[in-house]
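Below is one structure; the comments refer to it alone.
There are 2 protein chains.
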Amino acid sequence: MRSRTDTRSKIVELAQQLLLERGYNGFSYQDISKPLGVKNAAIHYHFPTKEDLGVALINEFREILHTRTTDFMQSGGNPVNQLEGYIGFILDSFKRDKTICPMGILAVDLFTLPEKMQIHAQLLVNEMIRWLTRVLDAGRDAGLFFFNGPAVDKAVAVKSVLQGAAQLARLNGAGILDNAVVQLRRDLGRA
Amino acid sequence: MRSRTDTRSKIVELAQQLLLERGYNGFSYQDISKPLGVKNAAIHYHFPTKEDLGVALINEFREILHTRTTDFMQSGGNPVNQLEGYIGFILDSFKRDKTICPMGILAVDLFTLPEKMQIHAQLLVNEMIRWLTRVLDAGRDAGLFFFNGPAVDKAVAVKSVLQGAAQLARLNGAGILDNAVVQLRRDLGRA
DNA sequence: GTCTATAACGTGATAGAC
DNA sequence: GTCTATCACGTTATAGAC
Numbered sequence: 074m075r076s077r078t079d080t081r082s083k084i085v086e087l088a089q090q091l092l093l094e095r096g097y098n099g100f101s102y103q104d105i106s107k108p109l110g111v112k113n114a115a116i117h118y119h120f121p122t123k124e125d126l127g128v129a130l131i132n133e134f135r136e137i138l139h140t141r142t143t144d145f146m147q148s149g150g151n152p153v154n155q156l157e158g159y160i161g162f163i164l165d166s167f168k169r170d171k172t173i174c175p176m177g178i179l180a181v182d183l184f185t186l187p188e189k190m191q192i193h194a195q196l197l198v199n200e201m202i203r204w205l206t207r208v209l210d211a212g213r214d215a216g217l218f219f220f221n222g223p224a225v226d227k228a229v230a231v232k233s234v235l236q237g238a239a240q241l242a243r244l245n246g247a248g249i250l251d252n253a254v255v256q257l258r259r260d261l262g263r264a
Numbered sequence: 074m075r076s077r078t079d080t081r082s083k084i085v086e087l088a089q090q091l092l093l094e095r096g097y098n099g100f101s102y103q104d105i106s107k108p109l110g111v112k113n114a115a116i117h118y119h120f121p122t123k124e125d126l127g128v129a130l131i132n133e134f135r136e137i138l139h140t141r142t143t144d145f146m147q148s149g150g151n152p153v154n155q156l157e158g159y160i161g162f163i164l165d166s167f168k169r170d171k172t173i174c175p176m177g178i179l180a181v182d183l184f185t186l187p188e189k190m191q192i193h194a195q196l197l198v199n200e201m202i203r204w205l206t207r208v209l210d211a212g213r214d215a216g217l218f219f220f221n222g223p224a225v226d227k228a229v230a231v232k233s234v235l236q237g238a239a240q241l242a243r244l245n246g247a248g249i250l251d252n253a254v255v256q257l258r259r260d261l262g263r264a
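Chains E and A are the protein sequences, given in the same order. Throughout the first sequence, residue numbering follows the working numbering, covering 74 to 264 in sequence. Throughout the second sequence, residue numbering follows the working numbering, covering 74 to 264 in sequence.
See below:
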C-alpha cells in the first residue's frame, strides 16, 4: 500500500545516497530515474529543477541532524552519550558504504551550487556547530571532558576531525578514521 | 621569452585553481580554454583525456607538498617551524581565495574519478601523513609538542582538523578556521 | 502522477589542415 | 603546437497526452 508520495520519497532517498557518494555534480537525473524504473520527467514533476532537489536533500540532512541530536538528548542527556552517539553514527555510516559527512561535500562543491542550496548548507553547518558546542560545554562543566578555550572552538575542531578523517579514510582505509577517533577521545581527556 | 611548454603550464595552473574551487566534476575544458584564449583541441593536445590532466594536477600537488616540506625541513628543521609553516600555508591559501585542501576534494569526488587519479590521490595522502607523523614525533621527542598515543594518530587528527575546518570556513566564515587552529595548538600543549 | 517526445545546450573527444 | 570542424553523447528542462 503505497502513499501518493511514494516515488517522491524514493527519489529523495536515492538522491541522498548519490550526493553522499559522488558529490552534487557527480550524479544526474538519469542516475535516479533508471534504478527507480521511472522517467526523468517524473522526477521533474516532484522537483522541477535540480536546485529544488538539492535543497530538499539538505533539508533532509537538517532533519536527520535534528532527530538524532534530539535522540541523543533523550537517551540520558549525558554529554558523553551524546558525543559518542554522534561518533557512532559517523563510524557506522562510513563502514556501511564509505559515506562521509554532507557538510564537507557541500563545502567542496559550494561555488558550483545554486544559491538556495548554498544558503541552506550554511544553516546546516550552523545548526551542527551550535549543538556540538552545547554538548561539549555541558560535558566540561560536568567534569566529563577536559579542554581549554571556548567550547565553540573545540566544537569546530571536533567536527573537523571527524569530517576530515572520514574523507582521508576513503583514500587510506577505515583504520585511519578509527585511530583519529581514538585520538579525539584522548584529546578530550577520555583515554 | 616563453618556453615551448608555456601553454601547457598555463593550463595546469588554471586547472589547478578550478579543481580547488569547484571539484573535478565542476569544471570543463571550456573553463580552461576560454580564459587562456586557446581552443579545446589545444588542451587535448597537451592532455589527451581529462584523466591525464587530472593525474598531472595531483602530481603537481605532490610536488608542491614535497617542495614545501623540504623547505620546512631546511628552515631550521625545528618541528614547530615545520608545523607552523604548513598551517600558515593553509591559512594563507584560504584567505587568498577560499582554497581548501585538495585531499578533501579528491576524497569527495573519489568514486567519480578515473582509476589513475584515484591511485595518485592515495599516494598524495600517504605522503602527507608520513611527513606530518615525522614532524610530530620529532617535536614530541624534543619536548615541543605534548600529546598521547602514536604520532601517526595525532598526525591524522591534525591533518583532519585543518582540512575539515577550512571546508566549514567556506560555509561559516574564515574565523572558524582561525579558531580551529588556535584550538589545535592548545591540544598540542602550545597555548 | 507518470508518460512520450523533444528542445537547447554542454560535454569530452577526434581528424586533419596549417 | 594550435587551429577548424565535427562527432556522439549526456545534461537539465519543458509541452502535452494519458
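Every residue, glycine too, gets a C-beta built ideally from N, C-alpha and C. Just so we're clear, the structure is a prediction, and the values are computed from it rather than from any experiment.
When Cβ-Cβ separations below 7 Å define contact, R243 of chain E makes contact with chain A. If you ignore the 5 residues before and after G248 of chain A, its C-beta comes within less than 8 Å of the C-beta of A242, all in its own chain and listed in chain order. Segment contact: the region 102-117 of chain A against the region 161-171 of chain A, fewer than three CB-CB distances shorter than 8 Å; contact not assigned. Taking 7 Å as the threshold, the shortest C-beta distance from L183 of chain E to chain A falls below it. Below the 7 Å Cβ cutoff, chain E contributes F184 as neighbours of E94 of chain A, in chain order. If you draw a straight line from the Cα of I192 of chain A to the Cα of E94 of chain E, it is about 18 Å long. By the Cβ-count criterion, Y97 of chain E is buried, with 16 or more other Cβ atoms from all chains shown falling within 10 Å of its own Cβ. Chain E has no Cβ within less than 7 Å of the Cβ of A224 of chain A. Excluding the 5 residues flanking it on each side, L87 of chain A has same chain C-beta neighbours closer than 6 Å at I105, in chain order. Along the region 157-217 of chain E, the alpha helix (DSSP H) occurs as fully enclosed runs of 4 or more residues at 175-182 and 188-214, listed in sequence order. Around the C-beta of A114 of chain E, fewer than 16 other C-beta atoms lie within 10 Å, and the residue is accordingly described as exposed.
Using a C-beta cut-off of 8 Å, the region 201-216 of chain E makes contact with the region 153-169 of chain E, since at least three inter-stretch Cβ pairs fall below that distance. DSSP places P108 of chain A inside the alpha helix (DSSP H), whose first and last residues are Y102 to L109. For A253 of chain E, a Cβ of chain A is located within less than 7 Å of the residue's own Cβ. Chain order gives the chain A residues near M176 of chain E as Q240, L241 and L244, where near means a beta carbon separation below 8 Å. Against chain E, the CB of V198 of chain A has a partner CB under 7 Å away; the residue lies at that interface.
Nearest Cα to E200 of chain A within the set A:H139, A:S82, A:T122 and A:F100: A:H139. At a cut-off of 7 Å between beta-carbon atoms, V128 of chain A makes no contact with chain E. Taking E133 of chain A as the centre and dropping the five residues before and after it, the same chain places the C-beta of V85 and Q89 closer than 7 Å to its C-beta, in chain order.
If you check each beta-carbon in the region 87-120 of chain E against every beta-carbon of chain A, the ones closer than 8 Å belong to E94, R95, G96, N98 and G99. Here the alpha carbon of D182 of chain E sits roughly 31 Å from the alpha carbon of D144 of chain A. In this structure, the beta-carbon distance from A230 of chain E to A253 of chain A falls below 7 Å. From the beta-carbon of L257 of chain E, the residues of chain A found nearer than 8 Å are A230.
When the Cα atoms are used, P187 of chain E and L91 of chain E turn out to be separated by approximately 18 Å. For D79 of chain E, the enclosing alpha helix (DSSP H) starts and ends at D79 to R95. For N132 of chain E, no CB of chain A lies under 7 Å from its own CB, so it is not counted at the interface with that chain. The C-beta distance from M190 of chain E to E124 of chain E rounds to 6 Å, short enough to meet the 8 Å contact threshold.
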